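Heads up, the thing below is written out as structure tokens.
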Amino acid sequence: MREPSEKPLSWRERRKRARVTVCHCCGAKVPFCWQCRCGFAICQDCMLENFWGMSCNGITWQCPDCGAQNGFGNQ
Ligand SMILES: [Zn+2]
Ligand SMILES: [Zn+2]
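Taking my numbering, the leading residue of the sequence shown gets 121, the next gets one more, and so forth.
So this is what it looks like as structure tokens:
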């Protein structure tokens, strides 16, 4: 008795699709960035550093590029 050695395709596709984002603030390549609809991206480190400059309520952050309000929740 042997197990079928099938690897789920989705796993490989996921790895292919997983791409890094470049932080517009420090230029670091990170797997996760906060992103604005205008294309601006900021990494977790920079976000924490500039948190009180970009967010006034801890729920949304303001994009320094276009001034749009982006939520923390739905990313
Ligand atoms: Zn950064
Ligand atoms: Zn923006």
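Yeah, the Cβ is synthetic: ideal placement off N, Cα and C, and Gly gets one too. As the structure is a computational prediction, the values presented were derived from the model and not from experiment.
Within the segment 160 to 195, the complete beta strand (DSSP E) segments of 3 residues or longer fall at 161 to 163, 180 to 182 and 189 to 191, listed in chain order. Annotated three-state conformation of V142 is strand, per DSSP. The nearest non-hydrogen atom of ligand 1 is less than 8 Å from the C-beta of C163. The beta carbon of D185 sits closer than 6 Å to those of C158 and F160, all from its chain and outside the five residues before and after it, given in chain order. Secondary structure of C156 (DSSP, three-state): coil.
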